[in-house]
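Scroll down for the structure; my scribbles are underneath it.
Residue numbers (full-length UniProt numbering), protein chains in the order written: chain A, 1 to 446; chain B, 1 to 292; chain C, 1 to 181.
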């Protein structure tokens, strides 16, 4: 698994990689995660159940994504791929330059690759035209692509000009044991609406700022509980100031993952105002905690929850207000299902084990495929990515191949020690916890 | 539900994730991409309408050419500063009258400026320009002439690029400043202080006041506006031709390409446009949320 | 005395491991690196001199040549005195401590001793070294205030950098001795 995004960074991609890896280890696979160094956290670390993480010292450029020159990461990646005897390279997130690098190098080294796309992109502006072209190049010879929803699949197929047959849809999941309802935490004299998201434009915080005063004027017992941090916090603070809602709108700031459940169970209604979303984990967590979910009808959200569990509105203030009003009325009249019944309905919809099983099938299919030799790879690049970009990247692919030959001459494969397997078929981790490899999690970089 | 597991049974596929459907994960349904929409809300341009709009750009180009022509005339001594000043004054008064006439046709909601206020600002401008023209005259003496020409060419270009063609009244501050900077540079190379003053008041007329009048004209009398644009363009080419025929040819070419060729390209290439939209697009907030 | 197997370092050059078991609680491990080869010295010297001669050809300054001779000699001396390690040894004495010494090609020796009371454990660890990921043997030191915490890590065989099979052998013997005391 390769991605720029992993713990200690927090987010949907990070927890996806972690949970998927844990489930794959449980199924007897060997999983190694490669990411870039976070501050002083660099080198090799072992997490729960012997999940091995390589924090490679690569330069971070923007938004925790590494700078890419197409080549400089090859020596270290090759080292990881060779010593861990990797058979399938799985890159995550189209924002991760490291993931794209890994796909490219893996193909140069003759490994099969899988890519998971976690986000949606438009087609309208210049930046998306460029990133889409890069994605086309990157996914040109990737064996299989995984998307988190059908909308995301359509989007990725269009962006990267892929054959839809090699794109699978495997949704995200939540751990239902982490998100259990607890109605005793709710206050009965009021109705609490919970919002948990990063406070950025894409999450529709402007809409939230628009509907808060409107609803608060109509319903004096309505309270808002908002978790998350971001540049749009100003909008909410301004609204709170202007309408004197300090006691009814509480801004909790950034939340740790373990605190999310504690906030969710205090609410009656979960509100999501995103403007775009590939697969919304937040509404799933809200529903799992037994809340009524109100959300905008964007991206892959209509696919996530059955209609009886979610109220969907068009992304504008009036529709969201109307949607919330109906749910508030239902809540008042007591005609909503109990939190426990909602939880029972949701808990088996998405499980990581199911995700791992389906991903495993993708790996099985990919492992049997042949890797294109260099000449056919070049021909495919030029045929698939257009004459200009195709030729440029064909040239880059040739350079990458020559660089690999140089490295193989300099440090031959047989000189590299094969890593001791902590997980997988011959995993030592479970039998003797600290036999050979230092069981402590600290490791120095020389 | 791995890829390529069982063949699709008779149950119809649904675009939902919460159900365990008897289809492989990489199943592609008939309905794949059915929500894709192409070229939604595209604008179909008509050639002559675009030409009319582009005429305004050509007019600006010609205005700059006219300004340079006047400068050439004064520098060569073919036009005395007194004549220029008197002509400017007459033009300004005529333009002011026209402006007032056009303004009175539409009742603007805000309080109109009084004549006295207009006169006041005109006096301030003129007296300051007159008082400072000896200073401006010697301002760039230590700078080489090449640098001054290069700077004014650059600034006039900046004026053309940054001019707010959609709402030219009042002219954008950057474009106006760039144009005035260029005219100060050029005026400081003239032989006397009166020359400088005449040149600067002419610049104010061409770059600051003329676009305002033209905007009124565009709002209230579109047919005359087209005529004026054509007139200015012809005047620009003709004027420049009398001093510098090569430049006139270049200007004519530029005008032709801006007003006729570029709109043609726009209309033709519009057919090539392939814009795709779908449910993955970021929703736009159409309401004005500032009042909340 | 144990038999010598053939071992290599992380760059594929052969090294030799000499394990001497003085008693059940005391063993010494010596990793020897091959001597400086004459060929390599010749190649480096030739490179410097050819470069110097090229510079001399253009500048026609004889100081270039004499400084080249000087640089070669000083460089060689510094190399054998500070960089080139002839062998590194690890002496483990149960209940007393660990002595780590490395002797340079010039004959200079540096020795450090770590008391057993400060040592928490000896482990094989992984690290990113230049463009490679390697295994290395290291001594974990205890935090004086908190015996369970690790205060710092002392890497062993830093210059010779043996590969995993060699490290495992040393590691096993070390663990035997440490576990006894």
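For every residue, glycine included, the Cβ atom is placed at its ideal position computed from N, Cα and C.
Please read all numbers here as calculations on a predicted model, not as lab measurements.
CB contact below 7 Å: residue i versus chain A
| i | result |
| --- | --- |
| residue 175 of chain C | no |
| residue 164 of chain C | yes |
| residue 122 of chain C | no |
| residue 285 of chain B | yes |
| residue 25 of chain B | yes |
| residue 12 of chain B | no |
| residue 127 of chain C | yes |
| residue 276 of chain B | yes |
| residue 132 of chain C | yes |
| residue 1 of chain B | Note that residue 1 of chain B scores a pLDDT of 47, beneath 50, so its modelled location is shaky; the value from the coordinates is reported in the next line. Closer than 7 Å to some Cβ of chain A, the Cβ of residue 1 of chain B qualifies, so yes. |
Expected contact under 8 Å - CB spacing of residue i and residue j to nearest Å
| i | j | result |
| --- | --- | --- |
| residue 64 of chain C | residue 70 of chain C | Incorrect: roughly 11 Å between the Cβ atoms, too far for contact. |
| residue 92 of chain B | residue 205 of chain B | 6 Å |
| residue 73 of chain A | residue 101 of chain A | 5 Å |
| residue 251 of chain A | residue 236 of chain A | 6 Å |
| residue 81 of chain A | residue 111 of chain A | 6 Å |
| residue 360 of chain A | residue 16 of chain B | The pair is not a contact, with the Cβ atoms about 23 Å apart (cut-off 8 Å). |
| residue 95 of chain C | residue 25 of chain C | 7 Å |
| residue 283 of chain B | residue 275 of chain A | 4 Å |
| residue 325 of chain A | residue 299 of chain A | With a Cβ gap of about 24 Å, residue 325 of chain A and residue 299 of chain A do not count as contacting. |
| residue 241 of chain B | residue 66 of chain B | Rounded, the Cβ-Cβ distance is 12 Å, inconsistent with contact. |
Option in the options with minimal Cα separation from residue i
| i | options | result |
| --- | --- | --- |
| residue 218 of chain A | A/329, A/115 and A/76 | A/329 |
| residue 309 of chain A | A/402, A/343, A/418 and A/45 | A/343 |
| residue 148 of chain A | A/215, A/326, A/173 and A/193 | A/173 |
| residue 149 of chain C | C/137, C/119 and C/125 | C/119 |
| residue 278 of chain B | B/40, B/15, B/22 and B/19 | B/40 |
| residue 187 of chain B | B/122, B/166, B/134 and B/231 | B/134 |
| residue 254 of chain A | A/139, A/382, A/356 and A/225 | A/225 |
| residue 220 of chain B | B/100, B/240, B/155 and B/193 | B/100 |
| residue 25 of chain B | A/356, A/388, A/406 and A/404 | A/356 |
| residue 397 of chain A | A/105, A/19, A/9 and A/50 | A/105 |
| residue 196 of chain B | B/162, B/126 and B/146 | B/126 |
| residue 38 of chain B | B/281, B/287, B/208 and B/138 | B/281 |
| residue 76 of chain A | A/37, A/114, A/64 and A/92 | A/37 |
| residue 18 of chain C | C/177, C/162 and C/179 | C/162 |
| residue 39 of chain A | A/22, A/9 and A/245 | A/9 |
| residue 42 of chain A | C/129, C/103, C/111 and C/97 | C/129 |
| residue 65 of chain A | A/404, A/83, A/210 and A/35 | A/35 |
| residue 133 of chain A | A/168, A/94 and A/167 | A/94 |
Extent of the continuous alpha helix (DSSP H) to which residue i belongs
| i | result |
| --- | --- |
| residue 468 of chain A | Since the first residue shown for chain A is 1 and the last is 446, residue 468 of chain A is missing from the structure and cannot be characterised. |
| residue 22 of chain A | 12-26 |
| residue 336 of chain A | From DSSP, residue 336 of chain A is part of no alpha helix (DSSP H); its letter is neither H nor E. |
| residue 223 of chain A | Taken as a continuous stretch (DSSP letters only), residue 223 of chain A belongs to no alpha helix (DSSP H), being part of the beta strand (DSSP E) at 222-227. |
| residue 44 of chain C | 38-59 |
| residue 126 of chain C | Looking at the DSSP string, residue 126 of chain C is not in any alpha helix (DSSP H); the run it does join, the beta strand (DSSP E), is 119-129. |
| residue 103 of chain A | 97-108 |
| residue 36 of chain A | That residue, residue 36 of chain A, is in no alpha helix (DSSP H); its beta strand (DSSP E) goes 32-36. |
| residue 388 of chain A | 387-410 |
Contact with chain C by residue i, beta-carbon distance below 7 Å
| i | result |
| --- | --- |
| residue 421 of chain A | no |
| residue 413 of chain A | no |
| residue 450 of chain A | Only positions 1 to 446 of chain A appear in the structure, and residue 450 of chain A is not among them; the question remains open. |
| residue 417 of chain A | yes |
| residue 7 of chain A | no |
| residue 43 of chain A | yes |
| residue 213 of chain A | no |
Where the beta strand (DSSP E) through residue i begins and ends
| i | result |
| --- | --- |
| residue 62 of chain A | 60-62 |
| residue 80 of chain A | That residue, residue 80 of chain A, is in no beta strand (DSSP E); its alpha helix (DSSP H) goes 74-83. |
| residue 123 of chain B | Residue 123 of chain B -> not in any beta strand (DSSP E); alpha helix (DSSP H) instead, spanning 115-139. |
| residue 47 of chain A | 43-47 |
| residue 175 of chain A | Neither: residue 175 of chain A is in no beta strand (DSSP E) and is coded neither H nor E. |
| residue 180 of chain C | It is not in any beta strand (DSSP E) - residue 180 of chain C instead sits in the alpha helix (DSSP H) that spans 164-180. |
Residue i at chain E interface by Cβ criterion, 7 Å
| i | result |
| --- | --- |
| residue 15 of chain B | The chain labelled as chain E is not found among the protein chains of the depicted structure, namely A, B and C. |
Cβ of residue i within 7 Å of any chain B Cβ
| i | result |
| --- | --- |
| residue 155 of chain A | yes |
| residue 78 of chain A | no |
Pick out the complete beta strand (DSSP E) segments inside the segment 204-265 of chain B, 3 residues or longer, and give them in chain order.
none
May I have a chain-ordered list of the beta strand (DSSP E) segments no shorter than 3 residues that lie completely inside the segment 221-309 of chain A?
222-227, 249-253, 269-272 and 292-296
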